[in-house]
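J.: My questions will all concern the structure given below.
This is the structure:
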């Protein structure tokens, strides 16, 4: 059984920074693409950023230049450094791993609130 455990959410003022972490554990035999999604109240879940096994990255337009996704060398561990946070970044952030046979694994979500 595979589990994704996230940490690092919280309350921050506009312009501040947060770093999210996500570690996968369980029966994993390879390195898989991982990413972060977010869902704000009343909105659909959306992609924030993702990174594949050769470190190619993709970002949502709304976070380019502010957020950076990275991963630990040979582990299914991913980070999201979020700088210059805005109130519209407020959402529950979910870690994702695109596992074998196209099966998606999800973390439990971590709340990020940007407010003064």
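In the working numbering, the protein residues as written are 15 to 130.
Backbone N, C-alpha and C define an ideal beta-carbon position, used for all residues, glycine too.
Alpha carbon to alpha carbon, what distance is there between residue 42 and residue 54?
T.: Reading the chain shown from its first residue, position 40 is the one you call residue 54. Reading the chain shown from its first residue, position 28 is the one you call residue 42. The straight-line gap from Cα to Cα measures roughly 30 Å.
J.: Answer yes or no: do residue 47 and residue 130 have a C-beta to C-beta separation smaller than 7 Å?
T.: Along the chain shown, read from residue 1 onward, the residue named residue 47 stands at position 33. Along the chain shown, read from residue 1 onward, the residue named residue 130 stands at position 116. Cβ distance not < 7 Å, so residue 47 and residue 130 don't count as in contact.
J.: Please classify residue 67 as buried or exposed, where buried requires at least 16 other C-beta atoms within 10 Å of its C-beta.
T.: As a working note, residue 67 is residue 53 in the chain shown. With fewer than 16 Cβ atoms within 10 Å of its Cβ, residue 67 is classed as exposed.
J.: Tell me which residue opens and which closes the beta strand (DSSP E) that residue 44 is part of.
T.: Within the chain shown, residue 44 is the residue found at index 30, counting from 1. From DSSP, residue 44 is part of no beta strand (DSSP E); its letter is neither H nor E.
J.: With 16 as the cutoff for other CB atoms within 10 Å, does residue 118 come out buried or exposed?
T.: By one-based count along the chain shown, residue 118 stands at place 104. So residue 118 ends up on the exposed side.
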